[in-house]
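One structure below.
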Amino acid sequence: MITVLVEEYNIFTQNFYESVIFSLQFQQLQCPSCKHSACLTIHGYYKRAVAVPEGLTFLKICRVKCSECGKTHAILISSLVPYSRITTADQHRVICACEEGTDRNAICNDNPSIDENCVKSISLRFRRFWLQRLLAESIPLSPLRELIRRCFSDYSLQFMQVHRTANLLFSNTT
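Heads up: the sequence shown begins at 3 in my numbering, then just goes up one per residue.
Below, the structure is given as structure tokens:
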């Protein structure tokens with residue numbers, strides 16, 4: 003999968019996602035599997051649910067296919083955590099609240115699509131999978147943009163991604 007770094011962590015509309023995708027220079031993208039460049043073409047789309055305060059919203063996520071190795075990859079934005087409906091920003095808020103000792107369930111009031119079980123699951127996943135990794139590389143929890151960059155540079159994973167699927171960060175320079 004390919005993750006495009008974006009500044010806006012709270013915009014989850016199809017129009018925003020498409021504006022990011024359509025602004026990409028596809029010849030600059032690199033295949034996460036074979037590492038070739040200029041070999042990816044749009045292959046199709048799939049639906050992905052995202053938990054927002056208004057409820058679940060669905061995005062059509064673009065998939066690209068590599069002409070060199072034949073593998074397909076999703077193109078996500080850094081606002082999304084692979085294999086999770088909970089956004090990067092919301093997961094970050096839960097973890098910061100846990101680390102600071104503040105009310106981690108307050109996020110449930112801000113985003114009713116997230117319940118206490120989600121908060122517990124996020125906290126547990128962080129402690130089991132990410133806490134020691136961040137400590138080992140001295141990666142600070144804030145600011146979020148730097149946290150995302152460091153997780154990709156040190157582990158080739160989006161922050162809070164637990165599946166070891168190949169994932170490359172692409173900083174769109176246009």
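The beta-carbon is built from N, C-alpha and C at its ideal position, and this holds for glycine as well.
This one's a predicted model, so the numbers in the text were calculated from it and none came from an experiment.
Could you please give the first and the last residue of the uninterrupted alpha helix (DSSP H) stretch that includes residue i?
i      : result
Arg152 : 146-157
Cys71  : No alpha helix (DSSP H) contains Cys71, which DSSP labels as neither H nor E.
Ser125 : 118-127
Ser173 : No alpha helix (DSSP H) holds Ser173; the beta strand (DSSP E) holding it covers 170-173.
Leu133 : 133-138
Throw me the rounded Cβ distance for the residue i and residue j pair, which I believe falls under 8 Å.
i      : j      : result
Asn169 : Pro84  : 7 Å
Ile109 : Phe128 : Their Cβ separation, rounded to whole angstroms, is 14 Å, which puts Ile109 and Phe128 out of contact at 8 Å.
Asn111 : Ala53  : Between Ala53 and Asn111 the Cβ distance is about 14 Å, and since that is not below 8 Å, they are no contact.
State the Cα-Cα distance for the pair residue i and residue j, rounded to the nearest angstrom.
i      : j      : result
Leu1   : Val164 : Residue 1 is absent from the model: the chain starts at 3 and stops at 176.
Met162 : Ser69  : 30 Å
Glu56  : Ile88  : 13 Å
Thr43  : Leu78  : 15 Å
Lys49  : Leu82  : 13 Å
Arg152 : Ile141 : 7 Å
Leu61  : Glu10  : 16 Å
Arg95  : Thr104 : 10 Å
Arg130 : Val6   : 26 Å
Leu171 : Pro34  : 10 Å
Gln160 : Ala40  : 23 Å
Met3   : His75  : 5 Å
Ile63  : Ile116 : 22 Å
Thr176 : Glu20  : At Thr176, the pLDDT of 46 sits below 50, so the modelled position is not reliable; the number obtained from the coordinates is stated separately. So the two alpha carbons sit approximately 15 Å from each other.
Gln29  : His38  : 10 Å
Asp156 : Ala51  : 28 Å
Ser25  : Ser144 : 28 Å
Tyr47  : Val66  : 9 Å
Pull the bridge partners of residue i from the DSSP assignment, please.
i     : result
Ala76 : Arg65
Gln32 : Ser39
Val96 : According to DSSP, which records beta bridges pairwise, Val96 is partnered with nothing at all.
Which residues bound the beta strand (DSSP E) around residue i?
i      : result
Val22  : No beta strand (DSSP E) holds Val22; the alpha helix (DSSP H) holding it covers 16-24.
Ile109 : Run containing Ile109: none in the beta strand (DSSP E); it sits in the alpha helix (DSSP H), 108-112.
Thr104 : Per DSSP, Thr104 belongs to no beta strand (DSSP E) and is neither H nor E.
Val6   : 4-7
Fully enclosed by the region 34-69, which beta strand (DSSP E) runs are 3 residues long or longer? 42-54, 57-68
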